[in-house]
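Enquirer: Structure below; questions to follow.
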Amino acid sequence: KLLVFSGTQPSGKLTIGNYIGAIRHWIVMQKYYECMYCIADLHLISTVSSSNVYAFRKMSLDTLALYLACGVDPNVSTIFMQSHVPEHTQLNWLLNCCAYYGELSRMTQFKEKSKFKQDSVNVGLFNYPILMAADILLYQTNFVPVGDDQKQHLEFTCNIARRFNNKFGTVFTIPKILVPDFGSRIMSLLNPLKKMSKSDQDSNNYISLLDDATLISKKVKRAITDSDQPPAIYYDPVEKPGVSNLLAILSGIGGESISNLELIFKNKTYSCLKSNLIQSLSTVLKQIQNRYFNERSNENKLNNILCVGAKKARQKANLTLKKVYQLIGL
Ligand code: ATP
Ligand code: MG
């Protein structure tokens with residue numbers, strides 16, 4: 003069976019961006035592939051400044067419960083925490099020695115996330131794409147479903163895998179990047195030129211999967227539309243980033259194609275589009291939330307899933323790491 007690997011950082015509650023760009027595709031892929039879904043807690047410490055052990059643990063369990071609520075099935079897929087599988091950091095070092103300073107300096111995410119920090123930015127953030135490459139390559143991954151923002155990191159993963167294979171002997175499968183045509187880049191509600199992110203300081207920029215109907219309504223009503231006259235509803239992310247983003251969200255949540263939505267809303271107002279979106283989001287998120295609160299209340303079950311997941315992941319990871327050690331001559 004071909005293998006799928008993907009994950010998220012437990013940096014906050016997941017957003018509709020994470021759901022539309024990644025997680026809803028994970029659910030479908032479970033039917034056809036062997037799937038490994040990771041909670042990337044080691045990546046999280048590259049951006050979080052405080053060290054609050056309780057909060058860390060809590061955020062990871064929140065994320066796991068959200069995976070389950072969205073439909074990730076622990077009986078079919080392997081769900082695990084990155085920190086429970088030390089092989090990730092072991093391979094990370096070996097890949098460090100194959101990665102170039104120059105190529106990492108060009109990573110957009112690093113440039114964005116380190117913008118205002120200058121001297122205080124930690125090396126972990128710089129190193130992020132290498133740890134991510136280790137995550138993926140350890141499992142001989144065939145497919146990585148991700149949002150558009152991770153494309154550059156994935157290309158780096160493929161490059162470093164090829165470089166390693168050429169230098170030491172073929173060991174890594176070169177993964178294929180799967181970025182959906184629509185919904186792979188959901189934008190911030192107040193600034194549709196910036197991607198929606200769960201770690202955004204201003205929560206009005208995103209809709210969390212746990213936002214209730216009142217909050218959803220408030221945030222959608224405030225969302226930027228476009229100022230062109232007369233107002234028109236069609237999909238054009240360059241000329242009409244605000245309206246296009248709302249269409250992308252509605253399509254990603256409700257399942258209707260963008261071109262159908264364009265027909266439906268052809269002569270309608272922006273406020274009509276918004277009330278449809280509010281309706282659709284409230285319904286779908288309510289279902290996710292009901293399942294979430296149910297799953298989240300059973301910590302024994304959650305811990306057990308992580309325990310089983312770590313065991314399965316380590317077995318696989320070890321096979322690759324052993325081969326890598328042998329090839330290098332360690
Ligand atoms: P952070 O701000 O902490 O980086 P994030 O929202 O970017 O949070 P990640 O954990 O980095 O979330 O990414 C998880 C998955 O969600 C990745 O596959 C990523 O490509 C996807 N993703 C993130 N943001 C979006 C978005 N705005 N639209 C579509 N997909 C997204
Ligand atoms: Mg991110």
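The numbering of the sequence shown is the working numbering, which starts it at 3 and goes up by one. We put the beta carbon where it would ideally sit given N, CA and C, even for glycine. All values derive from a computational prediction rather than experimental measurement.
1) For the ligand ATP, any of its heavy atoms closer than 6 Å to the Cβ of residue 10?
2) Identify the residues that DSSP records as bridge partners of residue 178: which are they?
3) Would you mind stating whether residue 180 and residue 131 have Cβ atoms separated by less than 7 Å?
4) Could you tell me the alpha carbon to alpha carbon distance between residue 262 and residue 82, rounded to whole angstroms?
5) Could you check whether residue 245 and residue 271 sit closer than 7 Å to each other, using their CB atoms as the reference points?
6) How is residue 3 classed by DSSP in three states: helix, strand or coil?
7) Determine the burial state of residue 7: buried for a count of at least 16 other Cβ atoms within 10 Å of its Cβ, exposed for fewer.
8) Given a cut-off of 7 Å, decide if residue 12 and residue 62 are closer than it, judged by their beta-carbon atoms.
9) If we count the other Cβ atoms within 10 Å of its Cβ and call it buried at 16 or more, is residue 232 buried or exposed?
10) Excluding the five sequence neighbours on either side, which residues of its own chain have a C-beta within less than 8 Å of the C-beta of residue 91, listed in chain order?
11) Please name the residue, chosen from 225, 141, 156, that lies closest to residue 37 on a Cα-to-Cα basis.
12) Determine which residues share a DSSP beta bridge with residue 81 and list them.
13) I think residue 171 touches residue 16, with their Cβ atoms under 8 Å apart; what is that distance to the nearest whole Å?
14) Would you list, in sequence order, the uninterrupted alpha helix (DSSP H) runs of no fewer than 4 residues that lie entirely inside the region 221-270?
15) Give the secondary structure of residue 60 by DSSP, where H, G and I count as helix, E and B as strand, and everything else as coil.
16) How many angstroms separate the CA atom of residue 123 from the CA atom of residue 113?
17) Residue range of the alpha helix (DSSP H) that residue 30 falls in?
18) For my contact list, residue 22 and residue 185 are in at a C-beta cut-off of 8 Å; report their separation, rounded to the angstrom.
19) Measure the Cβ-Cβ separation of residue 72 and residue 18 and say whether it is below 7 Å.
20) Rounded to the nearest angstrom, what separates residue 275 and residue 289 at their Cα positions?
21) Can you tell me whether residue 19 sits near the ligand ATP, meaning its C-beta is under 6 Å from at least one heavy atom of the ligand?
22) Does any heavy atom of the ligand ATP sit closer than 6 Å to the C-beta of residue 148?
23) Can you give me the C-alpha to C-alpha distance between residue 66 and residue 102, rounded to a whole angstrom?
24) With 16 as the cutoff for other CB atoms within 10 Å, does residue 93 come out buried or exposed?
25) Report whether the distance from the Cβ of residue 79 to the nearest heavy atom of the ligand ATP is below 6 Å.
26) Nearest to residue 243 by CA position, among 195, 264, 252, 96, is which residue?
27) Can you give the beta carbon distance from residue 266 to residue 222, rounded, assuming they're within the 8 Å contact cut?
28) Rank 314, 168, 307 by C-alpha distance to the C-alpha of residue 75 and give the top, closest one.
29) How would you call residue 302, buried or exposed, if buried means at least 16 neighbouring beta carbons within 10 angstroms?
30) May I have the straight-line CA-CA distance separating residue 127 from residue 248, to the nearest angstrom?
31) Under the criterion of a Cβ to heavy atom distance below 6 Å, does residue 43 qualify as lining the ligand ATP?
32) Please check the pair residue 64 and residue 293, which I expect to be a contact at CB under 8 Å, by giving their CB distance rounded to whole angstroms.
33) Can you tell me the Cα-Cα spacing of residue 5 and residue 79, whole angstroms?
Expert: Let me lay it out:
1) Using a cutoff of 6 Å, the CB of residue 10 counts as near the ligand ATP, since one of the ligand's heavy atoms is closer than that.
2) Assignment of beta-bridge partners to residue 178 by DSSP yields 145.
3) Cβ distance not < 7 Å, so residue 180 and residue 131 don't count as in contact.
4) In this structure, the CA atom of residue 262 is about 38 Å from the CA atom of residue 82.
5) In this structure, residue 245 does not lie closer than 7 Å to residue 271 by Cβ.
6) For residue 3, the three-state secondary structure derived from DSSP is coil.
7) With 16 or more other Cβ atoms inside 10 Å of its own Cβ, residue 7 counts as buried.
8) Annotated as proximal: residue 62 and residue 12, with beta-carbon spacing under 7 Å.
9) Exposed, because fewer than 16 other Cβ atoms sit within 10 Å of the Cβ of residue 232.
10) Excluding five sequence positions before and after residue 91, the CB atoms of its chain that fall closer than 8 Å to its own CB belong to 44, 133, 136, given in chain order.
11) Checked all of 225, 141, 156; the closest Cα to residue 37 is 141.
12) BP columns for residue 81 point to 39.
13) Not confirmed; about 39 Å, so no contact.
14) If we require 4 residues or more, the alpha helix (DSSP H) runs fully inside the region 221-270 come out as 243-256, 260-266.
15) Reduced to three states, the DSSP call for residue 60 is helix.
16) Roughly 10 Å between the two C-alpha positions.
17) Unbroken alpha helix (DSSP H) run through residue 30: 26-31.
18) So it is a contact: roughly 4 Å between Cβ atoms.
19) Taking 7 Å as the Cβ cut-off, residue 72 and residue 18 do not qualify as a contacting pair.
20) The straight-line gap from Cα to Cα measures roughly 22 Å.
21) The answer is yes for residue 19.
22) At least one heavy atom of the ligand ATP is nearer than 6 Å to the Cβ of residue 148, so yes.
23) Within the model, the alpha-carbon separation for residue 66 versus residue 102 is close to 34 Å.
24) Its Cβ being crowded by 16 or more others within 10 Å, residue 93 is buried.
25) Residue 79 Cβ: outside cutoff for every heavy atom of the ligand ATP.
26) Of the candidates 195, 264, 252, 96, the residue whose Cα lies closest to the Cα of residue 243 is 195.
27) A Cβ-Cβ distance of about 17 Å is found for the pair residue 266 and residue 222, leaving them out of contact under the 8 Å criterion.
28) Distance check between residue 75 and each of 314, 168, 307 places 307 closest, using alpha-carbon atoms only.
29) Classification of residue 302: exposed, given that the 10 Å Cβ count is below 16.
30) Going by C-alpha positions, residue 127 is about 31 Å away from residue 248.
31) Residue 43: no, Cβ never under 6 Å from the ligand ATP.
32) The Cβ separation is near 13 Å, so there is no contact.
33) Near 10 Å, if we compare the C-alpha coordinates of residue 79 and residue 5.
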